[in-house]
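First the structure, in the form of structure tokens, and then the observations on it.
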Ligand SMILES: [Fe+2]
Ligand SMILES: [Fe+2]
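In my numbering, the protein residues as written are 775 to 1081.
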């Protein structure tokens, strides 16, 4: 048997013994998902697959072993990991690496994650919650006895905290799935980054190519349009169309637009423009309705003065 098989056998034994009366099974409801996600991330990120798989198998072992308080399961877990791996004559330097994965896996504790393997275990532990959402509802309604609204809010907040704990690259991998989960479970719509970038890119292309009709068509549903904060906002498509006619005579040399933040249906973006040899640096605040149509458009800008 390989070391991974030996450890898995030991873990399954402990999980079976600790299954509680209401059916929570550490292996079935949590650890198996952590292992699957961890191995997949390890392959994707080029990490040591064996260390990662052992770390995932052992990360929560203190709980089904009923050793130590839950709050310190990462500390007790790393001790158990050491004992088991030593028993199977696993090399000392590798034991240290697995132990660090176990010790530093807890996202809630803001522990330092020094290696790619440690980062993967922490990420996989979080993704496992997305794989077993019913367990979160069970926790909310059955164990914590929350009301329907409180329980729903509890699960929503839990997933949000989890999502924000992920490393940047894993968060990117999960972005679409997270947004779909929120749509399905909580009826929430979110602007996704792809849409925001595409919309801004269209604006930029139309502007740069002086395709005024296409540019104005982005604002068909816009009822507040301000290119500078102190102008009276335009509220009709005719006024917006009128404003865009000005670009015909301008010498546009370069335009760049990038998303700075997305919050619900609001995008904050930075735009940079070089026009008639002047440099502009501006900010857009753009809001969309739930059909992804722009309803609000506001811009602030600075112009670089000659020195
Ligand atoms: Fe844990
Ligand atoms: Fe865990």
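Ideal placement from N, C-alpha and C gives every residue a C-beta, glycine not left out.
Mapping the DSSP letters down to three states, classify residue 921 as helix, strand or coil.
coil
Hey, is residue 935 close to ligand 1, as in C-beta under 7 Å from one of its heavy atoms?
no
Cβ pair residue 979, residue 966 closer than 8 Å:
no
Exposure label - residue 862; buried when at least 16 CB within 10 Å
exposed
Near ligand 1: residue 1055 beta-carbon under 7 Å from a heavy atom:
no
So which residues put a beta carbon under 7 Å from any heavy atom of ligand 1, going in chain order?
833, 834, 847, 848, 879, 880, 899
Where residue 860 falls, given that 16 or more other Cβ within 10 Å makes a residue buried:
exposed
Residue of 955, 850, 1058, 968 minimising C-alpha distance to residue 998
1058
Which first and last residues belong to the alpha helix (DSSP H) in which residue 1072 is found?
From DSSP, residue 1072 is part of no alpha helix (DSSP H) but of the beta strand (DSSP E) over 1068-1077.
At least three beta-carbon pairs within less than 8 Å, the region 865-879 to the region 895-904:
yes
Among the residues of its own chain, which have a CB less than 8 Å from the CB of residue 1002, if the five just before and after it don't count?
1073, 1074, 1075
Beta strand (DSSP E) segment containing residue 1028, residue limits:
1026-1037
When you measure from the CB of residue 1020 to every non-hydrogen atom of ligand 2, does any distance come out below 7 Å?
no
State the Cα-Cα distance for the pair residue 1012 and residue 990, rounded to the nearest angstrom.
9 Å
On the criterion of 16 or more Cβ atoms from any shown chain inside 10 Å, does residue 1037 qualify as buried, or is it exposed?
exposed
Between which two residues does the beta strand (DSSP E) holding residue 1059 run?
1052-1062
What distance in whole Å lies between the Cβ atoms of residue 778 and residue 828, which are believed to be in contact at a cut-off of 8 Å?
6 Å
Starting from the N-terminal side, write out each stretch of the alpha helix (DSSP H) that is 4 residues or longer and does not extend beyond the region 789-851.
806-819, 823-832
So for residue 910, helix, strand or coil by DSSP?
helix
Note down the Cα distance separating residue 1045 from residue 1060, rounded to an integer number of angstroms.
12 Å
I need the boundaries of the beta strand (DSSP E) containing residue 1000, first residue and last residue.
998-1000
On a CA-only basis, which of 823, 1024, 848, 866 is nearest residue 1052? Give me that one, please.
1024
Ends of the alpha helix (DSSP H) at residue 944?
942-960
Per DSSP, what are the beta-bridge partners of residue 1043 in this structure?
1033, 1058
So the candidates are 800, 1034, 1004; which of them puts its Cα closest to the Cα of residue 837?
800
Return helix, strand or coil for residue 1048, following the three-state DSSP convention.
strand
Any heavy atom of ligand 2 closer than 7 Å to the CB of residue 1033?
no
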